[in-house]
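Residue numbers (our numbering), protein chains in the order written: chain A, 3 to 81; chain B, 54 to 447.
Here a beta-carbon is modelled for each residue, glycine too, at the ideal position from N, C-alpha and C.
Inspection log for the structure reproduced underneath, given as structure tokens.
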Amino acid sequence: MPENRLKVDARGIACPGPITELVKAYRNAKNGDIIEVVATDPGFKPDVEAWIKRTGNQLLELREEGGTYVAVIKVTAKK
Amino acid sequence: MKKRVVVIGGGAGGAILANNLPLEDFEVTVVDRSPYHYYWPWLLYVAFRGSRRPMRREIESLLKPGINFIQSGAQSVDLNNRKVVLEGGKTLDYDYLVIATGSRPTYGQIGGHEKAVEKYGDYHSTVENAERVWKSINSLKQGTFAVVVGGDPYRCPPSPLEGVFLAEEFFRSRGLRDRVRVVFAVPYPRPYPAEPMNEVVEPLLKERGVEYITFFTLDRIEDDRKVAVSMEGEELKYDALVVIPPHVGTDVKISPEDVLTTDRFVQADKYTNNIKGFDDAFVIGDASAVPVAKTGVTAHLQAEVVAKRLQGEDARNSGRTNCPFDLGYGLGTFVISDYRNPVVKLPPSRFSHMAKMLFAATYWDVVRYPELWNPIFEAYFDATEPAKLARIYV
Chain A
3 MPENRLKVDA RGIACPGPIT ELVKAYRNAK NGDIIEVVAT DPGFKPDVEA WIKRTGNQLL
63 ELREEGGTYV AVIKVTAKK
Chain B
54 MKKRVVVIGG GAGGAILANN LPLEDFEVTV VDRSPYHYYW PWLLYVAFRG SRRPMRREIE
114 SLLKPGINFI QSGAQSVDLN NRKVVLEGGK TLDYDYLVIA TGSRPTYGQI GGHEKAVEKY
174 GDYHSTVENA ERVWKSINSL KQGTFAVVVG GDPYRCPPSP LEGVFLAEEF FRSRGLRDRV
234 RVVFAVPYPR PYPAEPMNEV VEPLLKERGV EYITFFTLDR IEDDRKVAVS MEGEELKYDA
294 LVVIPPHVGT DVKISPEDVL TTDRFVQADK YTNNIKGFDD AFVIGDASAV PVAKTGVTAH
354 LQAEVVAKRL QGEDARNSGR TNCPFDLGYG LGTFVISDYR NPVVKLPPSR FSHMAKMLFA
414 ATYWDVVRYP ELWNPIFEAY FDATEPAKLA RIYV
């Protein structure tokens, strides 16, 4: 089965926060899918790291470019 | 010639927008499938206080005389040809279109969700379901009462925790708090997704002995075993449970289809509410995919911006949120932020709770008479700008 790449634009979300957009994409994803989230909220970086650690999904990339954060996640932990 | 404005949806956004347009310059038509406008925030009090206060009014009674109201669903919108086809087949041509169709819960994403709602109710859908929640908490004399955030987005970001706080207060007031556990599960790293507001509410959860589970992405409900199961296989045992349902956008067929996201929210410019690629069509409130909370205040502020833009003024959204947050025991706060400022750490107070209740009491008047209330809200929003409050509440 080909992997899906889900792009999530969470720039500008202060409330309720970009993590909610990641959760939404995760719900609709299946194991093997790639989720790419772009966010501007500085709280996003530690949140993604914590989320990866707790859920056991895989963080392929987390980079910052001039106030914008890009996280690339591979979904692997769904039972 | 008057400009023809068609507004799809007679809820907070649609009604406030229509009432803000001068009828000397605009011929305004509001269409809605339902004859009623609902004040949705009241479902919380139906569910957790057993409130019987009426929470709907006829849309027609909320619109200024001279505005046309057609009770009909919109079947399709053709943005390129400026046409709206109604469910009966009638076609409306427009110069400007405003989509204000809101959002609605969906029950197909979580296994066993529909059955759970039939049994325990919820407070994001109907009065009937909110009444079921009231019955559920009244019949629970011992065990675990769980509130689980089922997915994003949903109307009113504070609403899951408001339910938790009011449920905890309810069980304590009945003398059952030592026998009923109150548990809250969220898919986020913390109880409230935005960190500054979490710093306000998390201590209250601890103080009141509410347990919470983070990073819990609900996959299914197995009611025969009385467990909610996460996508990673973690189980949460309950005796009664209320799930905050994920919401989806409009059910109106829109062409071109690429203005819609996969969950059917309409993509738009976050400052002007123009639907992507169209300068004569707008989307306001919950129906839009712009990155702001789904809440009445957003719909209200966007409606004012669009009304001004239709009159030739270059008005822009600040992204302001102002979500009232019931913390139980007569306390409240507001979730205040905008595009440029993070959420303010507004401490719990009786005053904020009173402001929430006063707002609820004036709601219908606010919708119906913008000429009286716009200046009052303008003064309020100006005095409570997040940049100003952030200097006080560090």
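**Message:** Can you pull out the residues from the segment 364 to 395 of chain B whose beta carbon lies closer than 9 Å to at least one beta carbon of chain A?
**Reply:** Taking 9 Å as the Cβ-Cβ cut-off against chain A, the residues of the segment 364 to 395 of chain B that qualify are G372, T374, C376, V388, I389, S390, D391, Y392, R393, N394, P395.
Whole-angstrom Cβ separation of A:K81 and B:E140, contact assumed at under 8 Å?
For the purposes of this step, residue 81 of chain A is taken as residue 79 along the first sequence, with counting starting at 1. For the purposes of this step, residue 140 of chain B is taken as residue 87 along the second sequence, with counting starting at 1. In this structure A:K81 is not in contact with B:E140, their Cβ atoms being roughly 43 Å apart against a cut-off of 8 Å.
Item to complete: For B:E248, go through chain A and note every residue whose CB falls closer than 7 Å to its CB, in chain order.
Response: Translated into the one-based positions of the second sequence, residue 248 of chain B becomes position 195. Chain A residues near B:E248: G45.
Inset, instruction - For the segment 75 to 156 of chain B, list the beta strand (DSSP E) runs that are entirely contained and at least 3 residues long, ordered along the chain. - result: At a cut-off of 3 residues, the continuous stretches assigned as beta strand (DSSP E) that sit fully inside the segment 75 to 156 of chain B are 79 to 85, 89 to 91, 109 to 111, 121 to 124, 127 to 131, 136 to 139, 144 to 146, 149 to 152.
Practice problem: List the residues of chain A that B:T270 touches, going by C-beta distances under 7 Å, in chain order. | Solution: Position 217 of the second sequence, counted from the start, is the residue given in the question as residue 270 of chain B. Scanning chain A for C-beta atoms nearer than 7 Å to the C-beta of B:T270 yields V25, Y28, R29, reported in chain order.
Quiz item: Mind checking whether B:S308 and B:L132 have CB atoms under 8 Å apart?
Solution: On the second sequence, residue 308 of chain B is found 255 positions in, with the first residue counted as 1. On the second sequence, residue 132 of chain B is found 79 positions in, with the first residue counted as 1. Cβ distance < 8 Å, so B:S308 and B:L132 count as in contact.
ask   = Given that A:T57 touches chain B, what residues does it touch there, using C-beta distances under 7 Å?
value = Reading the first sequence from its first residue, position 55 is the one you call residue 57 of chain A. Near A:T57 (Cβ distances below 7 Å), the residues of chain B are F268, E285.
Please report the straight-line C-alpha distance between A:T70 and A:K47, rounded to a whole angstrom. Numbered from its first residue, the first sequence carries residue 70 of chain A at position 68. Numbered from its first residue, the first sequence carries residue 47 of chain A at position 45. If I take the Cα positions, the gap works out to 10 Å.
### Query
So, do the segment 82 to 94 of chain B and the segment 360 to 376 of chain B have three or more beta carbon pairs nearer to each other than 8 Å?
The segment 82 to 94 of chain B and the segment 360 to 376 of chain B do not touch, with fewer than 3 CB-CB distances between them shorter than 8 Å.
* Along chain B, which residues have their Cβ under 9 Å away from the Cβ of A:T78? -> The residue labelled residue 78 of chain A in the question sits at position 76 within the first sequence. Correct list: empty, because the minimum Cβ distance to chain B is about 10 Å.
Under the three-state DSSP convention, the category B:R57 falls into: Translated into positions along the second sequence, residue 57 of chain B becomes position 4. In this structure, B:R57 counts as strand in the three-state DSSP scheme.
Where A:G19 falls: helix, strand or coil (DSSP):
What you label residue 19 of chain A is simply residue 17 of the first sequence in a count that begins at 1. A:G19: coil per DSSP, three-state reduction.
Note to self: Just to confirm, is the Cβ distance from B:R109 to B:S156 under 8 Å?
What the structure shows: Here residue 109 of chain B refers to the residue found at position 56 when the second sequence is read from its first residue. Here residue 156 of chain B refers to the residue found at position 103 when the second sequence is read from its first residue. Result no, Cβ atoms of B:R109 and B:S156 do not sit closer than 8 Å.
For B:Q162, which residues in chain A fall below 9 Å Cβ to Cβ? Looking up residue 162 of chain B in the second sequence gives position 109. Correct list: R29, N30.
Report the residue from B:L411, B:V397, B:S402, B:L354 whose alpha carbon sits nearest the alpha carbon of B:T437. Residue 437 of chain B sits at position 384 when you count from the first residue of the second sequence. For B:T437, the closest of B:L411, B:V397, B:S402, B:L354 by C-alpha to C-alpha distance is B:V397.
Can you tell me whether DSSP reads B:V396 as helix, strand or coil?
-> Along the second sequence, read from residue 1 onward, the residue named residue 396 of chain B stands at position 343. Coil.
| If you draw a straight line from the alpha carbon of B:V253 to that of B:S129, how long is it in whole angstroms? | To locate residue 253 of chain B, count along the second sequence from 1; it is residue 200. To locate residue 129 of chain B, count along the second sequence from 1; it is residue 76. Roughly 44 Å between the two C-alpha positions.
For B:T197 and A:G19, I'd like the C-alpha separation in whole angstroms. By 1-based counting over the second sequence, the position of residue 197 of chain B is 144. By 1-based counting over the first sequence, the position of residue 19 of chain A is 17. The straight-line gap separating the alpha-carbon atoms of B:T197 and A:G19 is approximately 29 Å.
Self-check item: Partners in chain A for B:G461, counting only beta-carbon separations shorter than 9 Å
Solution: In the structure displayed, chain B extends from 54 to 447; residue 461 of chain B sits before or after that span and is not available.
I need the straight-line Cα distance from A:G58 to A:A79, nearest angstrom please.
Working through the first sequence from its first residue, we reach residue 58 of chain A at position 56. Working through the first sequence from its first residue, we reach residue 79 of chain A at position 77. If you take the alpha carbons of A:G58 and A:A79, they lie about 6 Å apart.
Judging by CA-CA distance, which residue of B:R225, B:K347, B:N427, B:R185 is the nearest neighbour of B:P94? Locating residue 94 of chain B in the second sequence gives position 41, where the first residue counts as 1. Nearest of B:R225, B:K347, B:N427, B:R185 to B:P94, Cα basis: B:K347.
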